[in-house]
Structures are given as structure tokens and as C-alpha cells.
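K.L.:
If you read the protein sequences in the order shown, they are chains A and B.
Counting from 1, position 162 in the first sequence corresponds to residue 161 in numbering that gives the first Met the number 0; the numbering is continuous, with no gaps.
Counting from 1, position 23 in the second sequence corresponds to residue 22 in numbering that gives the first Met the number 0; the numbering is continuous, with no gaps.
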Amino acid sequence: MRKVSRLSRFNIAALALGLAFLYLPILILVIYSFNASRLVTVWGGWSLRWYHEFFNDRAMIEAAWMSLRVAVSSATIATLLGTLAAVALSRGERFRGRTLFSGMLYAPLVMPEVITGLSLLLLFVALNAERGFWTVTIAHTTLTMCFVAVVVQSRLGSLDRSLEEAAMDLGCNPVRAFVAVTLPLIAPAIVAGWMLAFTLSLDDLVIASFTTGPGSATLPIRIYSEVRLGVKPEINAICTLVIALIAVVIVIASLASKLSSSQGESAAPL
Amino acid sequence: MAEELPGTNVAAEAAGRDAFPAAGQPLLRIEGVAKTFGTFRAVDGVSLDIKAGEFFALLGPSGCGKTTLLRMLAGFEAPDEGRILLGGKDIAQALPHERPINMMFQNYALFPHLSVRDNIAFGLKRAGMPRAEIATRVAEMVALVKLEGLEKRKPDQLSGGQRQRVALARALARRPQLLLLDEPLAALDKKLRESTQGELMELQRRLGMTFIVVTHDQEEAMTMASRIGVMKAGKLAQVASPRELYEAPRSRWIAEFVGDINLFDGESKLRDGHRLVIGTRDAGALVVAEPREPVGAGRLAVAIRPEKVKLSRRGPVSEAGREAAINRLDGVIADICYLGGTTTYKVKLDTGGTVQASVVNSARIDVDVYSLNQHVVAWFTPDDCVVLPS
């Protein structure tokens, strides 16, 4: 018993250190976003001044609005496409080159963003597309649909196939069986996939800066260009807001996937 | 609800009640059905007739093709060859939802997001049944499988036995012409399995429905079914009543697969009236009744069930060569297996082989028990032997 408790004390220390390493910088950023002082590194007391400043900064607000619109629309399209891809891969008949196809679907997950961004830029230039909201949305869809596909496919994989067969046996055609039985059961995974796509799009700087055009900067691009001119405390306030938004979304996503997996256990009790 | 219902289901259900085949005609006729997966021939030319109201069991070891055959009846697999006629109509290529057949799945496949009531009502809604009628039918089914009070529970709030009942009620709710049951009791523990067997039989009799059950458990098949089809490597090895299967197996493989049996290999020596004398390697010359279907010369096997082998200290008087000849084998007790109701003795024969004898423990304080290494005589009549081609 002694040995176990000593080990767990070591574990607690390791965990604390790891968490501190991850979250201390963010914590400092959050604290400094409430700093009254104009200088970023000097503490001047608590204040909401920089939040106020941000909400009056038209360019910043516009960039934030742009980012939100891109995130919502690209996440929605990516969820649709990613879910369809996952269904095709796990439910379709075994076709030739299926492994290759599923490998190709996952490749963008590990592809350096610079390459994804550059190739999309070349494509848009070749197509002579006007760069702006839609090009960034398409680019983000490309990136995030793979994540959605992975999340949905793993859920589909753990789902008992005989559930769909039972639905067909009880009078559903294959499409109706999917809608009546499979869809409700994978819904949490689809929601989690959407949330993931949303946060990925909101975060992205590299791909967006390749594929956006003049006058339609996303929030990360805007922040990055401001920071190059020197860090204003206003940036801390914006970042804190973004962190809060993402944290909320992540919590919802993980709750959704937890719900999804607990249903999975009851779906396949044997 | 009504606009989303495919008309075929209503038609199928209506047809299910009206289109019963004329008496004498089989309800289901399987003709030369075969299914190949890659290079593996899972079902290899099976032909079988099932009469309406029958409780039929498909029995076989795992991988013998019984589940594939069942899935072809349900419509989840399409046969590569052959026809499946239900009430005279070929349904081999029909999709599952177009057949008046329902299936109870091995793992029950209950919809985890729906309550017991909605699980049972699922198929009825698809069939376009009016709301009030659905409520009546669900209540009827719930009462039938004794699940009153649990209608609002979700499947994960039920015990294994209760889930099995929900699955049964759901499959029965549409009143199919034919109910398929895939290992219906495999997930239940022994006691529950035995009581559920009885309930299934009683239900089948009361509803007058046709059941086809797939099982690897021979006791289950013997208890419930009126006829059993034994499958081996994609083929039907024998279709017979449980009694015939046990007492008159058609091949050595079936004799060994169904129940325990003693087998002695040998060759036919001479014929004496209705008796054959077979010279065996391990048990000497055995007198057996002449089989109904003549067995060819050459290698044969004499099969005798353990409970038909009697043990005694001295053995009966035997007059070799007469009609009343009795086979008596001398040996010593080599192993004793006490099973409660019966005791199985393994007797090492002086001629070299071993024979198993199963003795009923008919008295609580048994004076007639044998001990290890005791000398005994194992004996049995010629009529209790089965002669099988080896």
C-alpha cells in the first residue's frame, strides 16, 4: 500500500507540473487581459478597459465576425461531408481500394498546414476565384472534414450492425433504417465532430492567411498582424474571449462524445 | 406518420395472414440454395421443406452455415443459387423489409435509444398501423411476454432475460408468417434458459406460428423442436425428429455430434437371421440387429449410447448365436464421473477398448455403485446397437 501511495504522490506532482506547463502561459494572459496599465508587462491594477477597447475596435470586431461566420459555415459543410464519407467507408460494400481511400481521407490530418494552404491557394488562383469568405470557408472545410470523418467513423465502427438489420427486418428500407436507428445513435459523434471543426476553423492562422483576400481577414490574421506592430493589452482581452469560447465548445463536444460512448455500451452489451 | 410508410409493408402483412398455403403444402420450401463467400462455400445446396406451424431447429457446430442459411431466409444475404419459396412465391432476392418474416437476433439488437414500448411498436409503425391499434397490439405483446410495468424502460435498464423478451415481442408484433430465431437463448444462464425454452414452446403452440431456430446447443434443439436439421460444412446431414436423430443417426458424424456414444470399428462377419455379427477391434465380436437400410460390406462401426450399456458384477446368461444373444464385455472400472442424476462409468475392456456406461442413480443410498478397478461386465442387447458405415 505504501508503495502505491508514494507512486500516486509522484503522479500528482507530474500531473501538476504538466498542467502548469500547458496552462500557466494562458493563465497569465487571462490575468493580464484585466490589466489597467498600457504596458503589457507592468501590472497596473484590475480593469475591463481593454475589453471595452476591443468592442469599440471596428476592424477587430469585423475580423471576429468574419471568423465566426467562416467557422460556422465550414464546420457545417465539413460535418455533412465528413459524416457522408464516414458512412460510405464503414457501411458501404467492400470496394476495391477502400483502404487506400480511407488512408487518403486521413492524410490531411498529418499534412503540414503550409502545404494544404499553399496547394489551395494555387487551386484558387488557377480557378481565378476571388479570394475572401468563400475561399477560406472551403479551405477550412477541406481541413476539418477529415476530423469529422474520424470521429463519426469510430462511432459507427463501435455500433452493432445488427441494429440496422433489425430495423430493415421490421420494415425499413436501408435509407429509412439509417435515419431511424443509426442517425440517432451517431448524433452525439456528429455534434462532437461539428464542435471540433468549429474550433479548428476558429484557431487557424496558416491556411486562412494563404486563402483569404484583401479586406476579409479572420481574427487570428488580424491579431497576428497587430502583434507584429507590438503587443497591445487589447490582444490579451481578445485572446481571453476566444479561449472562453473555445473552452465552452470543447466542453460541449466532450460531453457529447461521452454521451455517445455510454450509449454505445448499451447498444452492444455482449 | 402515414405519409412515410411504404405500402409494401401493409400489403406484406395483409398477405401474411391471408396467403397461408393449402394444407399439406409446405409453408417454406428451400430448393438447392447455395451461398459462397469468396472461395468458401458457406451453404452448399440445401433443400428443405418447412410445414406451417412447425418448430424447426437448425443444429450444427459453428461455421457449418446454419446462420448464413437463416440470414438468407431473413433477406440479409442473397443466395447465389437456388430458390426460397414462401407460400409458393420465390422470395430469394426480396429485401428484408419486403418479406413477411421477422427475426430475433442473437444479441437481440434492441434499439438502445428507444423504450421497450417503442422497440415493440417500431415494426408496427413502419407497417402503417393506426395509432390506437398499435397501442392495443403493443399491450398484447407486453402481456404475452410478461413485461408489464417495464414499457417505459430503455434496453440498458433491463436484465438479460427481460431483453430477450423484448426482442421476442418485437419480432412477434408484426405477426410474421415465419419467425426466425438466431441462438435465442445463448446469452441466458442455464436455469433461465431452461424455463425460457418451455415458454418459447408454449408460445409457439399457442400462436400456431412457424418457428425456425438456429442453435449450436443440441439439448436446446432436442427439447424445443419438432424436427431438427443437422448441418455440417454447408450441407444438411440429416433432417429428423429429435428421437430419430438420437436413436437412428444416419452417419458416424451425426452419432458423435448428437449426445455421447460408444463407437467400435469393425467388419461384418456373418449373418444369422435378423442378426449380424460384427468383428470389432476393441470389443471382439458384437451381435447387432440387422439395420433397416442394408449396409454394404467393408468397414462398419457399431454405435451404442452410454445409457443403453448396463453394468453388473457377473452379467446375464448369454447364449451366443441365438436370437436372445446379448453382448457382454468384461472389464474394470477405469473412471467414475458422478453427475447427480446419473453416474458415468468408463470401463476398460479386457479386449483393449473402453466403453462408457451411464447409470441412473435411482436410489439415494445406492447399494449398487462400483468402485475404481472393480471388475464388471458391461452388457447390451443387439437392438440397442446402431450399425453405421465407417
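Backbone N, C-alpha and C define an ideal beta-carbon position, used for all residues, glycine too.
(1) Residues of chain B with CB under 9 Å from A/Glu164, in chain order?
(2) Does any C-beta atom of chain A lie closer than 8 Å to the C-beta of B/Gly122?
(3) By DSSP, does B/Lys190 sit in helix, in strand, or in coil?
(4) Which term fits B/Gly320, buried or exposed, when burial requires 16 or more other beta carbons within 10 angstroms of its beta carbon?
(5) Residues bridged to B/Gln355 by DSSP?
(6) Can you pull the chain A neighbours of B/Arg400, defined as C-beta to C-beta under 9 Å?
(7) Can you pull the DSSP bridge partners for B/Leu177?
(8) In the DSSP assignment, find the unbroken alpha helix (DSSP H) run with A/His51 in it and report its ends.
(9) Counting only beta-carbon separations shorter than 8 Å, does B/Ala433 have a partner in chain A?
(10) Tell me, please, which residues DSSP counts as bridged to B/Tyr107.
(11) With three or more C-beta pairs closer than 8 Å as the rule, is the segment 16 to 33 of chain A touching the segment 217 to 235 of chain A?
(12) Can you give me the C-alpha to C-alpha distance between B/Lys189 and B/Thr342, rounded to a whole angstrom?
(13) Pop quiz: B/Leu27 and B/Leu199 are said to be a contact at Cβ under 8 Å. What is the actual Cβ separation, rounded to whole angstroms?
(14) Would you be able to state if there are at least three C-beta pairs under 8 Å between the segment 218 to 232 of chain A and the segment 55 to 65 of chain A?
(15) What residues match up with A/Cys238 in a beta bridge as DSSP calls it?
(16) Counting only beta-carbon atoms, is B/Pro111 nearer than 8 Å to chain A?
(17) Can you grab the Cα-Cα spacing for the pair B/Gly64 / B/Lys234, in whole Å?
(18) Confirm, please, whether the CB-CB distance from A/Gly116 to A/Val205 is below 8 Å.
(19) So, at 7 Å on beta carbons, what are the nonlocal neighbours of A/Ala128 in its own chain, with the 5 sequence-adjacent residues on each side left out?
(20) Could you work out which residues of chain E lie near A/Val180, taking near to mean beta carbons separated by less than 7 Å?
(21) Determine the closest residue to B/Val431 out of B/Leu262, B/Ser61, B/Leu84, with distance taken between C-alpha atoms.
(22) Which chain B residues sit within Cβ distance under 7 Å of A/Ser89?
(23) Does the distance from the C-beta atom of B/Ala356 to that of B/Val368 stay below 8 Å?
(24) Below 8 Å CB to CB, which residues in the same chain sit around B/Pro20 once its five sequence neighbours on both sides are set aside?
(25) Could you have a look at A/Met0 and say whether DSSP puts it in helix, strand or coil?
(26) For chain A, check one thing: does any of its Cβ atoms lie closer than 8 Å to the Cβ of B/Ala126?
(27) Answer with yes or no whether the minimum CB distance from A/Asp159 to chain B is below 8 Å.
(28) Measure the alpha-carbon distance for B/Thr195 versus A/Phe177 and round it to whole angstroms.
(29) For the segment 277 to 338 of chain B, list the beta strand (DSSP E) runs that are entirely contained and at least 3 residues long, ordered along the chain.
(30) Look up A/Asn172 in the DSSP assignment and say whether it is helix, strand or coil.
(31) Which residues in the same chain have their Cβ closer than 6 Å to the Cβ of B/Ala168, if we skip the five residues on either side of it in sequence?
(32) Can you check which of these residues, A/Ala12, A/Ala196, A/Thr181, is closest to A/Ser157 by C-alpha distance?
(33) Any idea what DSSP makes of A/Trp64, helix, strand or coil?
(34) Could you tell me which whole beta strand (DSSP E) segments of length 3 or greater appear in the segment 120 to 188 of chain B?
(35) Name, going along the chain, the residues of the segment 228 to 254 of chain A whose beta-carbon falls closer than 7 Å to a beta-carbon of chain B.
(36) Can you have a look at B/Cys336 and say buried or exposed, based on whether 16 or more other CB atoms are within 10 angstroms of its CB?
P.N.:
With the given structure in hand:
(1) On the first sequence, residue 164 of chain A is found 165 positions in, with the first residue counted as 1. Listed by position along chain B, the residues whose Cβ is nearer than 9 Å to that of A/Glu164 are Arg70, Ala73, Phe75, Pro95, Met102, Phe104, Ala108.
(2) Position 123 of the second sequence, counting from 1, holds the residue named residue 122 of chain B. Cβ-Cβ to chain A under 8 Å: yes for B/Gly122.
(3) Translated into positions along the second sequence, residue 190 of chain B becomes position 191. B/Lys190 falls in the helix class under three-state DSSP.
(4) Walking along the second sequence from the start, residue 320 of chain B turns up at place 321. Interpretation of B/Gly320 is limited by its pLDDT of 48, a score under 50 that renders its predicted location unreliable; the figure taken from the coordinates is listed afterwards. Exposed, by the Cβ-count rule.
(5) Here residue 355 of chain B refers to the residue found at position 356 of the second sequence. Under DSSP, B/Gln355 shares a beta bridge with B/Lys345.
(6) Past the boundaries of the shown model lies residue 400 of chain B; chain B is included only from 0 to 389, so the question cannot be answered.
(7) For this step, residue 177 of chain B is matched to residue 178 along the second sequence. Under DSSP, B/Leu177 shares a beta bridge with B/Ile100, B/Thr209.
(8) Here residue 51 of chain A refers to the residue found at position 52 of the first sequence. Boundaries of the alpha helix (DSSP H) around A/His51: 48 to 54.
(9) Because chain B spans 0 through 389 in this model, residue 433 of chain B falls outside it and cannot be assessed.
(10) For this step, residue 107 of chain B is matched to residue 108 along the second sequence. None, per the DSSP bridge assignment.
(11) Yes, they touch.
(12) The sequence position of residue 189 of chain B within the second sequence is 190, counting from 1. The sequence position of residue 342 of chain B within the second sequence is 343, counting from 1. Taking the straight line joining both Cα atoms gives about 21 Å.
(13) Numbered from 1 along the second sequence, position 28 holds the residue referred to as residue 27 of chain B. Numbered from 1 along the second sequence, position 200 holds the residue referred to as residue 199 of chain B. No, B/Leu27 and B/Leu199 are not in contact; Cβ-Cβ is about 19 Å, not under 8 Å.
(14) Flag = yes, the segment 55 to 65 of chain A and the segment 218 to 232 of chain A touch.
(15) Counting from one through the first sequence, the residue named residue 238 of chain A turns up at place 239. Bridge partners of A/Cys238: none, in fact.
(16) Within the second sequence, the letter at position 112 stands for residue 111 of chain B. Taking Cβ atoms only, chain A reaches closer than 8 Å to B/Pro111, which makes this a yes.
(17) The residue you call residue 64 of chain B lines up with position 65 of the second sequence. The residue you call residue 234 of chain B lines up with position 235 of the second sequence. Near 8 Å, if we compare the C-alpha coordinates of B/Lys234 and B/Gly64.
(18) Here residue 205 of chain A corresponds to residue number 206 of the first sequence, with the count starting at 1. Here residue 116 of chain A corresponds to residue number 117 of the first sequence, with the count starting at 1. Taking the C-beta atoms as reference points, A/Gly116 is found nearer than 8 Å to A/Val205.
(19) Locating residue 128 of chain A in the first sequence gives position 129, where the first residue counts as 1. These residues qualify, in order along the chain: Thr134.
(20) This model lacks chain E altogether; the protein chains it does include are A and B.
(21) The requested residue 431 of chain B does not occur in the structure, where chain B is confined to residues 0 to 389.
(22) Sequence index remark: in the first sequence, residue 89 of chain A carries index 90 (1-based). Neighbours of A/Ser89 in chain B, taken as residues whose beta carbon is under 7 Å from its own, are absent, since the nearest beta carbon is some 17 Å off.
(23) Locating residue 356 of chain B in the second sequence gives position 357, where the first residue counts as 1. Locating residue 368 of chain B in the second sequence gives position 369, where the first residue counts as 1. No; because the gap between Cβ atoms is not below 8 Å, this pair is not in contact.
(24) Along the second sequence, read from residue 1 onward, the residue named residue 20 of chain B stands at position 21. Here the model assigns B/Pro20 a pLDDT of 47, short of 50, so the residue's position is not dependable and the matter cannot be decided.
(25) Translated into the one-based positions of the first sequence, residue 0 of chain A becomes position 1. Any answer about A/Met0 is weak, because its pLDDT of 45 lies below 50 and its placement is not dependable; what the coordinates show is given next. A/Met0 falls in the coil class under three-state DSSP.
(26) By one-based count along the second sequence, residue 126 of chain B stands at place 127. True, the Cβ-Cβ gap to chain A drops below 8 Å.
(27) For this step, residue 159 of chain A is matched to residue 160 along the first sequence. Closer than 8 Å to some Cβ of chain B, the Cβ of A/Asp159 qualifies, so yes.
(28) Here residue 195 of chain B corresponds to residue number 196 of the second sequence, with the count starting at 1. Here residue 177 of chain A corresponds to residue number 178 of the first sequence, with the count starting at 1. Distance between the alpha carbons of B/Thr195 and A/Phe177: 32 Å.
(29) You should have 283 to 288, 298 to 303, 309 to 311, 326 to 337.
(30) Position 173 of the first sequence, counted from the start, is the residue given in the question as residue 172 of chain A. The three-state reading of DSSP puts A/Asn172 in coil, since its state is none of H, G, I, E or B.
(31) By 1-based counting over the second sequence, the position of residue 168 of chain B is 169. For B/Ala168, where only same-chain residues beyond five positions count, the Cβ hits under 6 Å are Ile119, Met140, Val144.
(32) Locating residue 157 of chain A in the first sequence gives position 158, counting from the first residue. The shortest CA-to-CA distance from A/Ser157 to any of A/Ala12, A/Ala196, A/Thr181 is the one to A/Thr181.
(33) In the first sequence, the residue the question calls residue 64 of chain A occupies position 65. Note: A/Trp64 maps to helix in three-state DSSP.
(34) The segment 120 to 188 of chain B contains these whole beta strand (DSSP E) runs: 177 to 181.
(35) So nothing in the stretch comes that close.
(36) Within the second sequence, the letter at position 337 stands for residue 336 of chain B. B/Cys336 sits exposed, since fewer than 16 C-beta atoms from the chains shown fall within 10 Å of its C-beta.
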